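Colleague: Have a look at this one.
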Amino acid sequence: MAKVISNEYIGEGMYLLKVEGKFEGSMGQFYMLRAWDEYPLLSRPISIHDIGDDYISFLYKVVGKGTKILSKLKCNDTIKLEGPYGNTFPKVEGKIALVGGGMGVAPLYLAAKTLKNVDIYMGFSKETILLDEYRYLADTFYVTVGKNITDILDVSEYDYIMTCGPMPMMKKIVDMAKGKKTKVYVSIEKRMACGVGGCLVCTCKTKSGNKRTCLDGPVFLGDEVIFDD
Amino acid sequence: MAKVISNEYIGEGMYLLKVEGKFEGSMGQFYMLRAWDEYPLLSRPISIHDIGDDYISFLYKVVGKGTKILSKLKCNDTIKLEGPYGNTFPKVEGKIALVGGGMGVAPLYLAAKTLKNVDIYMGFSKETILLDEYRYLADTFYVTVGKNITDILDVSEYDYIMTCGPMPMMKKIVDMAKGKKTKVYVSIEKRMACGVGGCLVCTCKTKSGNKRTCLDGPVFLGDEVIFDD
Amino acid sequence: MTNLSVKFGKLNFKNPVVMASGTFGFGKEYERIYDIQKLGGICTKGITLNKRDGNSGIRVWETSSGMLNSVGLENPGMDKFIKEYNDYLKSLDLVSIVNIGGSTIDEYIESVEIACKNDVDAIELNISCPNVKQGGIAFGIKTDIARQVVRKARDICNVPLIVKLSPNAENIVDMALMCEEEGADGVSLVNTFMAMAINIDKRKAIFDNIYAGLSGPCIKPIALRMVHQVCKNVSIPVMGMGGITNYKDALEFIMVGATCIQVGTANFINPRIGIDIINGIKDYMEKENIKSLDEIRGII
Amino acid sequence: MTNLSVKFGKLNFKNPVVMASGTFGFGKEYERIYDIQKLGGICTKGITLNKRDGNSGIRVWETSSGMLNSVGLENPGMDKFIKEYNDYLKSLDLVSIVNIGGSTIDEYIESVEIACKNDVDAIELNISCPNVKQGGIAFGIKTDIARQVVRKARDICNVPLIVKLSPNAENIVDMALMCEEEGADGVSLVNTFMAMAINIDKRKAIFDNIYAGLSGPCIKPIALRMVHQVCKNVSIPVMGMGGITNYKDALEFIMVGATCIQVGTANFINPRIGIDIINGIKDYMEKENIKSLDEIRGII
Ligand SMILES: Cc1cc2nc3c(=O)[nH]c(=O)nc-3n(C[C@H](O)[C@H](O)[C@H](O)COP(=O)(O)OP(=O)(O)OC[C@H]3O[C@@H](n4cnc5c(N)ncnc54)[C@H](O)[C@@H]3O)c2cc1C
Ligand SMILES: Cc1cc2nc3c(=O)[nH]c(=O)nc-3n(C[C@H](O)[C@H](O)[C@H](O)COP(=O)(O)OP(=O)(O)OC[C@H]3O[C@@H](n4cnc5c(N)ncnc54)[C@H](O)[C@@H]3O)c2cc1C
Ligand SMILES: Cc1cc2nc3c(=O)[nH]c(=O)nc-3n(C[C@H](O)[C@H](O)[C@H](O)COP(=O)(O)O)c2cc1C
Ligand SMILES: Cc1cc2nc3c(=O)[nH]c(=O)nc-3n(C[C@H](O)[C@H](O)[C@H](O)COP(=O)(O)O)c2cc1C
Ligand code: FES
Ligand code: FES
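Those sequence lines, one after another, are chains P, V, G and Z. Numbering-wise (the numbering used here), the first sequence opens with residue 3 and increments by one. Numbering-wise (the numbering used here), the second sequence opens with residue 3 and increments by one. Numbering-wise (the numbering used here), the third sequence opens with residue 492 and increments by one. Numbering-wise (the numbering used here), the fourth sequence opens with residue 492 and increments by one.
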C-alpha cells in the first residue's frame with residue numbers, strides 16, 4: 003500500500019499520478035496498479051513515467067473502469083503497486099529519437115531523463131500535454147497535432163529510435179527504418195493478467211517465436227515483432 | 003439519484019445519513035439504498051428514521067460491505083433511493099410504548115413523532131446514541147445499557163407496544179403480552195432482494211401463512227409471527 | 492422507423508424484453524413502479540399444481556457479482572393463481588407467460604391442463620424442478636427424462652409451449668433439440684446454476700437445502716455461450732437470459748441468436764430495468780440505423 | 492502445535508495450498524516475488540507432447556468478478572519442459588505437479604511416459620482439452636471418453652496420478668467415480684467453465700476461438716457445489732478450486748471435503764496470495780484451536 007501525493011488532470015483525458023515512496027524501476031518498465039479491493043478483477047499495467055528518490059509517477063489516460071477509478075484518487079488515498087515488471091529500453095549511445103503517440107508519450111519521459119541528449123517527437127490528435135516538461139529534456143523537440151508524427155520523422159537521421167504509441171504508428175516507423183542502419187525499439191501494449199510471465203495471456207508474436215510482453219517485453223526490437231495480429 | 007446532505011458518525015458503529023429531497027414515507031416503511039454502481043449486487047433495505055419537507059434520514063449500523071460503503075458518503079455525494087416500501091406502524095390511540103433494541107431504534111423516531119405521547123424504551127449493549135433526540139419525543143423515557151430492556155418493561159401498562167430490534171427481544175415482548183390486552187407490533191428484518199414483493203426471498207412465517215416482509219410487512223402483529231425460524 | 496417488435500413462433504411481442512420467472516412476481520407488484528405494459532412480456536412466478544410454502548431458512552445470499560436463491564417454488568397453487576391473477580394478466584397489453592413447475596409428471600400435466608383451459612397466453616415449462624420419483628434429481632438434467640414431461644405437456648397443451656432449460660443439464664444442446672423434436676414452440680434458457688455457500692464460522696451450509704440457484708451478472712458469460720450453442724442447433728425461437736443487466740447485455744444475447752431476452756436478477760438492482768433496456772435497445776437501433784432486430788439476430 | 496500438513500494419497504504437502512496450472516508459470520516466474528517453497532505445491536502450465544503456440548487474437552477478457560482466457564495451451568512441449576524445468580522443479584521443497592494436456596490419447600500417453608521416466612513428483616491429467624478425433628469436443632465431457640484416457644494413463648503412470656475434471660462434464664460425479672475406479676490417486680476440480688464474450692460494436696465474438704474459459708470469484712459458488720458433490724461420492728482425495736481468493740474461500744473448500752486447494756486467478760489480483768492464504772489458514776486454526784485440518788475437512 004502506497005500513498006498518493008497528487009493526481010492531476012493534464013488534458014486529453016490524461017492524469018499524472020504521483021505516489022509516495024522509494025520505488026525501483028527503469029525506463030520502459032511498468033507497474034501493475036490497483037486502487038480498489040475486489041472490483042474490477044485485474045490490476046492495470048501502467049508504465050513508469052518518472053521516478054525520484056521519494057516518489058514514482060504515472061501518466062495515464064482514462065479509457066475504462068480501472069483508469070476511471072484511478073482518476074478519482076486524491077492526495078493521501080492509498081494504492082497498491084506491484085513491480086517494476088518487464089524489461090527496459092536499452093541504454094544505448096548515439097543519435098537517439100524518442101517517438102510517442104498520444105498516451106504512448108508516458109514512458110518516454112523517464113527514457114529521455116535516462117538517455118539524455120535525445121530528440122523527442124510527440125504526436126497528438128487534439129490537445130497537447132506536458133510540452134514544457136518534455137521540451138526541457140529534448141535536444142530537438144517536435145510536436146504534431148492532428149497529423150501523423152511519422153510525417154516529419156526522418157529515421158535515417160538516427161542510430162536509435164525508441165517508440166511507444168498506437169500499433170500502426172510503431173509499425174510505420176519500423177517499416178521506414180527497414181534497410182537502414184537505424185535500430186527501432188517498440189514498447190508493446192497487450193492485455194495482461196499476471197504481469198510476471200506466469201499466465202501467457204500477453205503473448206507477442208516475434209520472429210524468434212512467442213514472447214511474453216510482460217516479462218520479455220514490453221520493449222522489443224521493432225524488426226523482431228510480427229505486427230499483423 | 004439524490005444528494006447527501008450529511009452522514010454523521012453517532013457512536014455504536016452507527017451513522018445518521020440525511021438525504022436532500024421531498025420523499026414520501028410513513029413510520030415503519032423503508033427504502034432500498036444504493037450508493038454504488040455494480041458491486042455489491044443488491045441494494046440495502048434501511049428504515050426511514052425521519053422525514054421532513056426537504057429531506058429524509060436513515061440511521062444505520064455498519065455491519066458489512068454495503069453499509070461500509072454508505073458510511074463513506076460525504077456531503078454532495080449521490081445515492082439512489084427506491085421506496086418507500088412496506089407497510090407502516092398502525093396509527094393507533096391509547097397508551098403506547100415504543101421499544102427499540104440496538105439498531106432497532108432507527109424506525110422508532112418517526113413513529114414517536116407521528117404517534118405522539120408515547121413512552122420510549124431503548125436498550126443498548128455498550129454505547130448509547132441520540133438520547134437527546136429521542137428523549138425529546140417521549141412522555142417517559144427509559145434506557146438500559148448492557149442489560150435487557152425487557153427487564154424494565156411492564157407490558158400490561160400499555161395498550162400498544164411497537165418494537166424493533168433483535169428477534170429474541172421481540173419474541174420476549176410478544177410472550178410477555180400473551181393473555182394481556184396489550185397489542186404488540188413487531189418490525190421484522192429479513193434479507194431482501196426486490197423489496198417490492200416480487201421475489202419471495204423475504205418470507206416471514208405467520209399464523210395466517212407466509213407473508214412477504216417487504217410488502218405485507220415489515221410490521222406484523224406480534225401474535226401472528228411464528229418466531230421459531 | 493425503428494421497430495422493436497419480434498415474432499416468437501405464434502406469439503407477437505412488442506419488444507423482445509420479457510421479465511424472468513420468480514423475479515417479477517405476477518407483474519402486479521411492479522405496477523406502482525412503472526407501466527409494465529411497456530414490456531414485451533412477463534413470466535409469472537413458477538406455479539405448481541398445489542400451493543407450496545417454499546423452503547425454510549435463509550433464502551437469498553449475495554456472491555461475487557451474483558446471488559443464490561432458495562425460494563423453493565413458494566406459490567399459491569394453480570387454482571388460486573388462476574382465480575386471483577389470470578384475468579388481470581390477460582387484461583394486460585403484453586404477452587404473459589405462465590411458468591409451471593412440478594415434482595411429478597402428472598403434476599405438470601394437470602397444471603398445464605388447467606392453464607390451457609383458462610386460455611393463458613403461453614406456458615413456460617420449468618423443467619429444473621426436482622423430480623421426486625428420481626430421488627430429487629431435477630427433470631431437466633437428463634434429456635430422456637425431460638422428454639417424457641415435454642411430450643406429455645405438448646400433447647395436451649393448446650397454447651404456445653416454451654420449455655425452460657436448466658444450465659445444469661448434462662447436454663443443453665441435446666435438451667433443446669429434444670424440445671424441438673417434441674414440438675415445443677420455443678425454449679428459454681438459462682435457469683439458475685446449482686451452487687452453494689458456506690458460513691465458515693458456523694461450519695454449516697448457508698441454506699437449509701445446502702444447494703441453491705445462482706443468478707446474476709456472474710453467470711452471463713456461461714449463459715451466453717449456452718444460448719449461442721442452442722441457437723446454432725435448433726430452428727425454434729429462443730429466449731435468452733442469465734445475468735442481463737443492461738441493453739448491451741441484451742444485444743449480446745440477441746446477436747448470438749435469441750429472439751427474446753429475459754431479465755431476472757437485474758430487477759433487484761433497478762426495478763425499472765425493463766424500461767431502461769427497452770430504451771437502450773431502441774437508441775442503439777436508431778444510432779446504428781437498424782430497422783428490425785432480424786438484422787443482427789444470430790450474427791455471431 | 493498447529494499442523495497445516497496434509498496427506499494427499501501418497502503425496503505429503505506441508506500445507507494444502509497449491510498454485511493452479513496456467514496461472515503460476517513454472518514457479519520460477521514468481522521467485523522474485525516470494526519464496527515459493529513456502530507453498531504446499533504448484534501445478535505447472537499445461538504441457539503437451541509437442542510445442543504449442545497457443546491461440547491467436549485476444550487471450551484475456553474481464554467479466555463481472557471473473558475473467559475469460561483463451562491461451563490455447565501455449566507451451567514448450569514435453570521434451571523441452573523436462574530439459575529446462577524438471578531439475579529446477581525437483582530441487583524445490585514442495586510438491587511439483589506436472590499438468591499434462593493433449594489432443595489425442597496417444598499424445599497424452601506419450602507425455603505421461605516421458606514425465607514418469609523423468610520421475611516427476613506427480614501428474615495432473617487435464618482432460619478439458621479438445622479431442623481432435625471427436626471433432627474438438629473436450630475429452631472431459633463424457634465419462635466414457637475420459638475413461639479411455641485415464642485408464643491408459645494409469646497403466647503406464649508410476650507416479651501419483653491426479654485427474655483434473657472439467658465443470659463442463661455432463662456428470663462430474665460420474666466422472667470422479669470413474670477416476671476412482673480406474674485407480675487415479677486423486678481428482679482435482681474445477682477447470683474453467685466454457686463461456687463467451689461479445690463486442691457489440693464490432694458485432695463479433697471477443698475471442699478468435701469464440702468460446703473461452705471462465706475463472707475467478709464468479710465461479711466459486713458453482714465450483715464449491717461440484718467439489719462438495721464429488722467429495723461426498725468418492726473416497727480418493729480431492730483438490731478443490733474455482734474462484735478461491737482468500738483463506739476463507741480456501742476453508743470453504745476444505746469444509747466441503749477437499750484435501751488440498753488450488754489457487755489460480757487470484758494470483759493475478761495479488762501475486763503473494765499463496766502466502767496470504769497459508770497464513771490465513773494458520774491463524775484461523777490457532778484461533779479456533781484446530782490441530783489438524785482433518786478436524787474440519789468434509790464437515791459439511
Ligand atoms: C506494459 C503496458 C504499459 C502501459 N502503460 C500505460 C501508461 O503509461 N499510460 C496509460 O494510460 N496506459 C498504459 N497502458 C494501457 C493501460 O494498461 C490500459 O489503458 C488500461 O489497462 C485500461 O484499463 P481500464 O480499466 O481503464 O479499461 P477497460 O477497457 O475497462 O479494461 C478492461 C481490461 O482490458 C485491459 N486493457 C484495456 N485496454 C488496454 C490496453 N490498451 N493495454 C493493455 N490492457 C488493456 C485492462 O487492463 C483490463 O484488464 C499500458 C499497457 C501496458 C500493457
Ligand atoms: C425492512 C428492513 C429495515 C431495516 N432497517 C435498518 C435500519 O434502519 N438501520 C440499519 O442499520 N439496518 C437496517 N436493516 C438491516 C440492514 O438492511 C442490514 O444491516 C444491511 O442490509 C446490511 O448490509 P451490509 O452490506 O452492510 O451487510 P452484508 O452482510 O455484507 O450484507 C449481505 C447481504 O445480506 C443482507 N443483510 C445482512 N444483514 C441483514 C439484516 N440484518 N437484515 C436484512 N438484510 C441483511 C444485505 O442486505 C445483503 O443483501 C433493515 C433491514 C430490513 C429488512
Ligand atoms: C429469486 C428467484 C426466483 C426464481 N424463481 C424461478 C421460478 O419460479 N421459475 C423459474 O423457471 N425460474 C426462476 N428463477 C430463475 C430466473 O427466472 C432466471 O432463469 C435466472 O435467475 C437467470 O436469469 P438472471 O441472471 O437474469 O436472474 C428465479 C430466479 C430468482 C433469482
Ligand atoms: C490464464 C489461465 C490459464 C490456464 N491454463 C490451464 C492449463 O494449462 N491447464 C489446466 O489444467 N488448467 C488451466 N487453467 C485453469 C486453472 O488451473 C483453474 O482450474 C481455473 O482457473 C479455476 O480456478 P481459479 O478460479 O482459481 O482460477 C488456466 C486458467 C487460467 C486463468
Ligand atoms: S501477463 Fe501473464 S504472462 Fe504476461
Ligand atoms: S424482497 Fe422480494 S418479495 Fe420481499
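C-beta atoms are modelled at their ideal positions from N, C-alpha and C, and glycine is treated no differently. These numbers come from a predicted model, not from an experiment.
(1) Any residues in the stretch 711-733 of chain Z with a beta carbon nearer than 8 Å to a beta carbon of chain G? Which ones, in chain order?
(2) Counting only beta-carbon atoms, is Asn150 (chain V) nearer than 8 Å to chain G?
(3) Relative to the C-alpha of Gly748 (chain G), which residue among G:Ile727, G:Lys711 and G:Lys574 is closest?
(4) Pick helix, strand or coil for Arg645 (chain Z), following the three-state DSSP scheme.
(5) What is the chain-ordered set of residues for which the beta carbon lies under 7 Å from any non-hydrogen atom of ligand 5?
(6) Note down the Cα distance separating Asn662 (chain Z) from Lys536 (chain Z), rounded to an integer number of angstroms.
(7) Within the continuous beta strand (DSSP E) that includes Ile787 (chain Z), where are the two ends?
(8) So with Cβ pairs under 8 Å, would you call Pro621 (chain G) a contact of chain Z?
(9) Can you check which of these residues, G:Ala688, G:Ser556, G:Ala629 and G:Ser555, is closest to Ala703 (chain G) by C-alpha distance?
(10) Counting contacts by CB-CB distance shorter than 8 Å, is Asn662 (chain Z) in contact with chain G?
(11) Between Z:Phe572, Z:Arg645, Z:Lys633 and Z:Ser512, which lies nearest to Ile752 (chain Z) when the distance is taken from Cα to Cα?
(12) Please decide whether Met558 (chain Z) counts as near chain P, where near means a Cβ-Cβ distance under 8 Å.
(13) Just confirm the distance between the C-beta atoms of Asp52 (chain V) and Lys24 (chain V), as a whole number of angstroms; I'd bet it's less than 8 Å.
(14) Mind pulling the chain Z residues with CB within less than 7 Å of Pro708 (chain G)?
(15) With a cut-off of 8 Å on the beta carbons, I'd call Glu565 (chain Z) and Arg543 (chain Z) a contact; round off their distance for me.
(16) Can you name the residues of chain V whose CB is closer than 7 Å to the CB of Gly516 (chain G)?
(17) Check whether the stretch 494-511 of chain Z and the stretch 656-673 of chain Z are in contact - that is, three or more C-beta pairs closer than 8 Å.
(18) Pull the bridge partners of Pro543 (chain G) from the DSSP assignment, please.
(19) Mapping DSSP to helix, strand and coil, what is Ser657 (chain G)?
(20) What do you get for Pro170 (chain V), buried or exposed, if any count of 16 or more other CB atoms within 10 angstroms of its CB means buried?
(21) Per the DSSP calculation, Asn212 (chain P) is bridged to which residue(s)?
(22) Could you spell out where the alpha helix (DSSP H) holding Cys722 (chain G) opens and where it closes?
(23) Does DSSP put Asn577 (chain G) in a helix, in a strand, or in coil?
(24) Give me the subset of the stretch 733-762 of chain Z whose CB atoms are less than 8 Å from a CB atom of chain G, sorted by chain position.
(25) Strictly below 8 Å CB to CB, what residues from chain V border Tyr521 (chain G)?
(26) Could you work out which residues of chain Z lie near Ala688 (chain G), taking near to mean beta carbons separated by less than 7 Å?
(27) Listed in chain order, which residues of the stretch 688-703 of chain Z have Cβ atoms closer than 7 Å to some Cβ of chain G?
(28) Where do the N-terminal and C-terminal ends of the beta strand (DSSP E) with Arg36 (chain V) fall, by residue?
(29) Ala140 (chain P) lies in the beta strand (DSSP E); which residues open and close that run?
(30) With respect to 7 Å, is the separation between the Cβ of Met105 (chain P) and the closest non-hydrogen atom of ligand 1 below this value?
(31) Consider the C-beta atom of Thr116 (chain P) and the heavy atoms of ligand 3; say whether any pair is separated by less than 7 Å.
(32) Applying the 10 Å Cβ sphere with the 16-neighbour rule, what's the burial state of Leu133 (chain V)?
(33) Identify which residue in G:Leu495, G:Leu680, G:Ile632 and G:Ala629 has its Cα closest to the Cα of Cys534 (chain G).
(34) When every heavy atom of ligand 2 is checked, does at least one fall within less than 7 Å of the C-beta of Tyr62 (chain V)?
(35) Is the stretch 70-77 of chain V touching the stretch 218-226 of chain V in the sense that three or more CB pairs, one from each, lie closer than 8 Å?
(36) Would you say Glu565 (chain G) faces chain V, with C-beta separation under 8 Å as the test?
Modeller: In short:
(1) Listed by position along the chain: Lys711, Pro712, Ile713, Leu715, Arg716 and His719.
(2) Cβ-Cβ to chain G under 8 Å: no for Asn150 (chain V).
(3) The residue with the shortest Cα to Cα distance from Gly748 (chain G) is G:Ile727.
(4) If DSSP states are grouped into helix, strand and coil, Arg645 (chain Z) belongs with the helices.
(5) Taking each Cβ in turn, the ones that pass are P:Met194, P:Ala195, P:Cys196, P:Gly197, P:Val198, P:Gly199, P:Gly200, P:Cys201, P:Leu202, P:Val203, P:Cys204, P:Arg214, P:Thr215, P:Cys216 and P:Leu217.
(6) Asn662 (chain Z) and Lys536 (chain Z) have their C-alpha atoms roughly 26 Å apart.
(7) Careful: Ile787 (chain Z) lies outside any beta strand (DSSP E) and carries neither H nor E.
(8) No - not a single Cβ of chain Z is within 8 Å of the one on Pro621 (chain G).
(9) Taking only the C-alpha atoms, the option nearest Ala703 (chain G) is G:Ala688.
(10) Flagged as an interface residue toward chain G: Asn662 (chain Z), by a C-beta distance shorter than 8 Å.
(11) Among Z:Phe572, Z:Arg645, Z:Lys633 and Z:Ser512, the Cα nearest to that of Ile752 (chain Z) is on Z:Ser512.
(12) Answer yes: the Cβ-Cβ gap between Met558 (chain Z) and chain P drops below 8 Å somewhere.
(13) Taking a contact as a CB-CB distance under 8 Å, the pair Asp52 (chain V) and Lys24 (chain V) does not count as one, their CB atoms being some 14 Å apart.
(14) Here the neighbours are Ser555.
(15) Rounded, the Cβ-Cβ distance is 6 Å, consistent with contact.
(16) Chain-ordered, the chain V residues with CB closer than 7 Å to the CB of Gly516 (chain G) read Gly199 and Gly200.
(17) Cβ pair count under 8 Å is below three, so no.
(18) Per the sequence shown, the amino acid found at residue 543 (chain G) is Arg instead of Pro. Arg543 (chain G) is bridged to G:Asn566.
(19) Of the three classes helix, strand and coil, the one that applies to Ser657 (chain G) here is coil, per DSSP.
(20) Under this definition Pro170 (chain V) is an exposed residue.
(21) DSSP, once it has assigned bridges, lists P:Lys207 as partnering Asn212 (chain P).
(22) Per DSSP, Cys722 (chain G) belongs to the alpha helix (DSSP H) from Lys711 to Asn724.
(23) For Asn577 (chain G), the secondary structure class from DSSP, reduced to helix, strand or coil, is helix.
(24) Of all residues in the stretch 733-762 of chain Z, Gly734, Lys739, Leu742, Glu743, Met746 and Val747 have a Cβ within less than 8 Å of some Cβ in chain G.
(25) Per Cβ cutoff of 8 Å: Val198 and Gly200.
(26) Residues of chain Z passing the Cβ test: Pro712.
(27) Within the stretch 688-703 of chain Z, Ala688, Ile689, Ile691, Arg694, Lys695, Ala696 and Tyr702 place their CB atoms closer than 7 Å to a CB of chain G, listed in sequence order.
(28) Following the DSSP letters along the chain, one finds Arg36 (chain V) inside the beta strand (DSSP E) bounded by residues Phe32 to Arg36.
(29) Start and end: Ala140 to Val147.
(30) Flag set: Cβ of Met105 (chain P) near ligand 1.
(31) Not under cutoff, so the answer is no.
(32) With fewer than 16 Cβ atoms within 10 Å of its Cβ, Leu133 (chain V) is classed as exposed.
(33) For the residues G:Leu495, G:Leu680, G:Ile632 and G:Ala629, the minimum Cα distance to Cys534 (chain G) belongs to G:Leu680.
(34) Yes, ligand 2 has a heavy atom inside 7 Å of this Cβ.
(35) The stretch 218-226 of chain V, when compared against the stretch 70-77 of chain V, does not touch it at the 8 Å Cβ threshold.
(36) It does; some Cβ of chain V falls within 8 Å.
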